[in-house]
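Chemist: Start counting the sequence shown at 27; every next residue gets the next number (our numbering). Idealized CB from N, CA, C, for every residue including glycine.
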Amino acid sequence: MPTFEKRNYNYSEWTKQRFSEVVTVSGPGTLIFLAGVGAEDETGTMGTILYPGDVLGQSRYAFDKVKRLLARHRATVADIVKIVAYVTDIRSAGDYFKCLGEALGDAPRPAHTFLNINQLAHPGMLVEIDVTAVVSREPL
27 MPTFEKRNYN YSEWTKQRFS EVVTVSGPGT LIFLAGVGAE DETGTMGTIL YPGDVLGQSR
87 YAFDKVKRLL ARHRATVADI VKIVAYVTDI RSAGDYFKCL GEALGDAPRP AHTFLNINQL
147 AHPGMLVEID VTAVVSREPL
């Protein structure tokens, strides 16, 4: 019977004791689970949202953060198998999907769910992206 190992990671101080930013599950491969990624200022006070009122700016920042978090685990956007995106205004779908296309480039398109919800974790947060990736390499 194959065994697996689960590891939790936090890179931003404010997330500690709240949730894991990344969870990996490794065995024959490594699953990488990113917590919902938005435009939270990684170096600022908890709840500070960058690009207020700008869903395009928030989406681009969130996808940049996704890429950086994946890279810390030797993964790229090509390793993403599932995305769940949450927006607070369905009219932002065009801007969000523009950023998705920019972020993924020529990578295979993962399974994707797009949801319009009432609000996100912090006031002013317009988009949040939940990502699952898998790599066939050993964990860090």
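Where does Met6 land, buried or exposed, given buried means 16+ other C-beta within 10 angstroms?
Modeler: This structure cannot settle anything about residue 6, because the visible part of the chain is limited to 27 through 166.
Chemist: Quick one: using the 10 Å Cβ neighbour count with 16 as the cut-off for buried, is Ala133 buried or exposed?
Modeler: Here residue 133 refers to the residue found at position 107 when the sequence shown is read from its first residue. By the neighbour-count rule (16 or more Cβ atoms within 10 Å), Ala133 is not buried but exposed.
Chemist: Taking a contact to mean a Cβ-Cβ separation below 8 angstroms, would you say Val92 touches Val161 in this structure?
Modeler: Along the sequence shown, one-based indexing puts residue 92 at 66. Along the sequence shown, one-based indexing puts residue 161 at 135. Contact flag unset, no.
Chemist: So for Lys42, helix, strand or coil by DSSP?
Modeler: The count along the sequence shown starts at 1 and reaches residue 42 at position 16. Coil.
Chemist: Could you pull the DSSP bridge partners for Lys32 from this structure?
Modeler: Along the sequence shown, one-based indexing puts residue 32 at 6. DSSP lists Val51 as partners of Lys32.
Chemist: Measuring straight from C-alpha to C-alpha, what distance separates Ala129 and Met72?
Modeler: Along the sequence shown, one-based indexing puts residue 129 at 103. Along the sequence shown, one-based indexing puts residue 72 at 46. When rounded, the distance between both Cα atoms is 26 angstroms.
Chemist: For the beta strand (DSSP E) holding Asp156, just list the boundary residues, first then last.
Modeler: In the sequence shown, counting from the first residue as 1, residue 156 sits at position 130. 153 to 161 is the extent of the beta strand (DSSP E) around Asp156.
Chemist: Which whole-angstrom value is the C-beta distance of Leu146 and Ala111, which I expect to be below 8 angstroms?
Modeler: Here the question's residue 146 lines up with position 120 in the sequence shown. Here the question's residue 111 lines up with position 85 in the sequence shown. Between Ala111 and Leu146 the Cβ distance is about 11 angstroms, and since that is not below 8 angstroms, they are no contact.
Chemist: From Thr29 to Gly127, what does the alpha carbon distance come to, in whole angstroms?
Modeler: Here the question's residue 29 lines up with position 3 in the sequence shown. Here the question's residue 127 lines up with position 101 in the sequence shown. Whole-angstrom Cα-Cα distance: 36 angstroms.
Chemist: For Leu141, write down the residues that DSSP places opposite it in a beta bridge.
Modeler: Here residue 141 is taken as the residue at index 115 of the sequence shown, counted from 1. Looking at the DSSP assignment, Leu141 forms a beta bridge with Tyr112.
Chemist: Based on the DSSP output, what are the partners of Glu66 in its beta bridges?
Modeler: The count along the sequence shown starts at 1 and reaches residue 66 at position 40. Answer by DSSP bridge pairing, in chain order: Ile75.
Chemist: Suppose you measure from the CA of Glu252 to the CA of Val103; what does that come to, to the nearest Å?
Modeler: What is shown of the chain runs 27 to 166, which leaves residue 252 out entirely.
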